[in-house]
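Chain order of the listed sequences is A and B.
Take the first sequence: its position 223, counted from the start at 1, is 222 in numbering that gives the first Met the number 0, and no numbers get skipped.
Take the second sequence: its position 313, counted from the start at 1, is 312 in numbering that gives the first Met the number 0, and no numbers get skipped.
The beta carbon of each residue, even a glycine, is placed where N, CA and C say it ideally should be.
A short worksheet on the structure shown next.
Number of protein chains: 2
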Amino acid sequence: MRKSEFELIRDIFAPLTESDPKAFALRDDAALLDVPTGFELVVTTDMLLEGVHFQMQDPADAIGQKVLRASLSDLAGKGAAPISYVLSCAWPNALPQAWIESFVSGLASDQKQFKVHCIGGDTSASTSGLAFSLTAFGLVETGKMLLRSGARPGDDLFVSGTIGDAWLGLQILKKRLDCEDEGASGWLIGRYLRPEPRTCLGRKLVELATASLDVSDGLVADAGHLAEASKVSITLRMDDIPISQPARDLGPDLAELITGGDDYELLFTGPPGRRSEILDAAHETGVPVRRVGIVADGTGVTVVDAGGRKIDLTSTGFRHF
Amino acid sequence: MRKSEFELIRDIFAPLTESDPKAFALRDDAALLDVPTGFELVVTTDMLLEGVHFQMQDPADAIGQKVLRASLSDLAGKGAAPISYVLSCAWPNALPQAWIESFVSGLASDQKQFKVHCIGGDTSASTSGLAFSLTAFGLVETGKMLLRSGARPGDDLFVSGTIGDAWLGLQILKKRLDCEDEGASGWLIGRYLRPEPRTCLGRKLVELATASLDVSDGLVADAGHLAEASKVSITLRMDDIPISQPARDLGPDLAELITGGDDYELLFTGPPGRRSEILDAAHETGVPVRRVGIVADGTGVTVVDAGGRKIDLTSTGFRHF
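Dropping the structure here:
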């Protein structure tokens, strides 16, 4: 017998708020949020759906983490320090309580890791699949939020981590791809299930980058978003795009890796004069950062090979419809 | 042929944000929100699902309004002035663009009426039903948010508007109830489809009420929430509970009206010494307010008849599971 709605909130969700009296232990209709002088509140929201953004066979705790991390990655891309979030959940009545407890345990462990906490939410019965919606709050120094629109001709283009791992992990999970090396397979799947928000790197970039966003639609598509918002063109050098060893070992089509999406790495630009500061800052946060392209006048994204020849890509990223 | 995801956001949703440059026309990954000195940000979130909170045969613009008004009503219950919101939408690919445009037109007209605007959101394809999640933001003077927990023994209990109309409207819509008077039927259905957030009244109550919340689970259930949070007992006088003429004319079971839910009226308490100020404030906002009960030591909610005899209620309100 599963707990009632009120019992679930009181016993399983309210502990996620216990560090913050202004969440009122989820016993009121709203939470209060303070914004310190000198800061602006950064707000981002995402909805994640069963069958679209996650699968029911994914571990419940990883789904909880992905729901939170997708928004934390958005905040990281904007240079904001995460503070708190509200979460709405819709689930079928038949969903076991143990699943919900595991989902919340994923949130709880991430709360510690990323120093955020829950301040509110909503739960509802769903007559169809599971659906989650999370709105995350962060702080950034007034006027300093990193935008998509700040890239200037001449800027370097950088990307964090490695690209394409999550896409490969998803292909392995969906049995569209065979990976005999269990260690590599597990690592790639982990990159899909538990993306790593680049929170510390994002904070450092507030003073260094000219434009930034997190890569969720695919490297090429998100470079396109940055180019469009900044009214510039971007050239990506295929050979400089960081690909992990487990990904390389699978001998994938590189074009698929850079258009696959779900990377949750940071893509950002900076003036050449600050190149070494940017790489030093990345080094300090322990996140590998690679210079992968340049910004110029014009529009659109071009991917070039080592000889500077344009590579034709058939797809440029994930769209919902 | 429906517009693509990006076109929908640019052409249909972005105009909802045009009054606010810090929404970046929905072209960035996050919005910025300022909180003026002397105020706290009030945050509330709700998820509304097809088949649970609304039906596909409801008018699309009314669904848009209900999604927004459910949260505006929460803010009103807390005494907060609404400022902005973020909205996530999941809809099937087969949903016609005209439906989406009508949904957004409902939001647009409510934005004018309630002086709020959209600052962000997310859209996703749904493989099952429609789902919406809205997080609303309001401002309240620091330390002044109306809580559920402030009621004290001796306080009066008040309710705004009339109770049970929305429940009757839903019964008529679901053809569980026959209402031959078309005018009355339309009015009751309207009370279900387009709840009226008591925003102006809520703002006035900041200086007058001791506890407050909006009635969504049913008058008796929400009185119970107030009693529990305030650690007091509440006695509701059945004969004083405001029932509209169209509702009375249907000769319904009053117990069903006061447990039915979806009223989105304000239920609040205040010291007897401020009774006339409270009624004057209500009069100024044009919202009828009725004194319906008293707060005392103890626990729980009792409903009594004109002779003070306890009325037994079989159900105490809507629960999701």
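Cβ neighbours of residue i in the same chain (closer than 6 Å, five flanking residues each side left out)
{"i": "B:P91", "result": "S125"}
{"i": "B:D109", "result": "Q64, L67"}
{"i": "B:W186", "result": "P245"}
{"i": "A:Q170", "result": "L176"}
{"i": "A:G182", "result": "none"}
{"i": "B:G168", "result": "L187, I188, R190, Y191"}
{"i": "B:S101", "result": "A59, D60"}
Three-state secondary structure assigned by DSSP to residue i
{"i": "B:H116", "result": "strand"}
{"i": "B:R69", "result": "Contrary to the premise, residue 69 of chain B reads as Ala rather than Arg in this sequence. Of the three classes helix, strand and coil, the one that applies to B:A69 here is helix, per DSSP."}
{"i": "B:C199", "result": "helix"}
{"i": "A:R9", "result": "helix"}
{"i": "B:S159", "result": "strand"}
{"i": "A:K21", "result": "helix"}
{"i": "A:S3", "result": "coil"}
{"i": "B:S123", "result": "strand"}
{"i": "A:T313", "result": "coil"}
{"i": "B:G307", "result": "coil"}
Closer than 8 Å to chain B by CB, residue i
{"i": "A:R147", "result": "yes"}
{"i": "A:F12", "result": "no"}
{"i": "A:S229", "result": "no"}
{"i": "A:F113", "result": "no"}
{"i": "A:E276", "result": "no"}
{"i": "A:K173", "result": "no"}
{"i": "A:I118", "result": "yes"}
{"i": "A:D262", "result": "no"}
{"i": "A:S18", "result": "no"}
{"i": "A:S232", "result": "no"}
{"i": "A:S184", "result": "no"}
{"i": "A:R289", "result": "no"}
{"i": "A:R308", "result": "no"}
{"i": "A:G217", "result": "no"}
{"i": "A:A89", "result": "yes"}
Where the beta strand (DSSP E) through residue i begins and ends
{"i": "B:T284", "result": "B:T284 -> not in any beta strand (DSSP E); alpha helix (DSSP H) instead, spanning 274-284."}
{"i": "A:L15", "result": "Looking at the DSSP string, A:L15 is not in any beta strand (DSSP E), and its letter there is neither H nor E."}
{"i": "A:E140", "result": "130-140"}
{"i": "B:G299", "result": "299-303"}
{"i": "B:F267", "result": "265-269"}
{"i": "A:L31", "result": "30-32"}
{"i": "A:G292", "result": "288-295"}
Residue i: first and last residue of the uninterrupted alpha helix (DSSP H) it sits in
{"i": "B:D248", "result": "244-248"}
{"i": "B:I171", "result": "164-172"}
{"i": "B:L253", "result": "253-256"}
Residues of its chain near residue i, where Cβ-Cβ distance is below 8 Å and the 5 sequence neighbours each way are ignored
{"i": "A:D238", "result": "D304, A305"}
{"i": "A:R151", "result": "T209, S229, V231, T268, P270, V294"}
{"i": "B:P95", "result": "R1"}
{"i": "A:D180", "result": "P245, D248"}
{"i": "B:A222", "result": "L156, I233, L235, L266, G292, V300"}
Contact with chain A by residue i, beta-carbon distance below 8 Å
{"i": "B:T126", "result": "yes"}
{"i": "B:V302", "result": "no"}
{"i": "B:L235", "result": "no"}
{"i": "B:M144", "result": "yes"}
{"i": "B:A29", "result": "yes"}
{"i": "B:R9", "result": "no"}
{"i": "B:E39", "result": "yes"}
{"i": "B:A61", "result": "no"}
{"i": "B:G76", "result": "yes"}
{"i": "B:T367", "result": "Any answer about residue 367 of chain B is impossible in this case: the structure gives chain B only from 0 up to 320."}
{"i": "B:A130", "result": "yes"}
{"i": "B:T134", "result": "yes"}
{"i": "B:R151", "result": "no"}
{"i": "B:G259", "result": "no"}
Own chain partners of residue i with C-beta closer than 7 Å, once the 5 adjacent residues on each side are dropped
{"i": "A:D121", "result": "S87"}
{"i": "B:V42", "result": "T134, F136"}
{"i": "B:F320", "result": "Residue placement at B:F320 cannot be trusted, given a pLDDT of 43 that sits under 50; what the coordinates show is reported in the next sentence. Contacts found: none."}
{"i": "B:L31", "result": "K21"}
{"i": "B:L278", "result": "V288"}
is_contact[residue i, chain E] using C-beta, thresh 8 Å
{"i": "A:T44", "result": "No chain E appears in the structure shown, which is made up of the protein chains A and B."}
Residue i: CB within 7 Å of a non-hydrogen atom of the ligand NAD
{"i": "A:G78", "result": "The ligand NAD is absent from the structure shown, which contains no ligand whatsoever."}
Which whole runs of the beta strand (DSSP E) in the stretch 180-240 of chain A are 3 residues long or more, in chain order?
-> 210-214, 232-236
Please specify which runs of the alpha helix (DSSP H), each continuous and at least 4 residues long, are wholly inside the stretch 47-112 of chain B, giving them in chain order.
-> With a minimum length of 4 residues, the continuous alpha helix (DSSP H) runs that stay inside the stretch 47-112 of chain B are 59-76.
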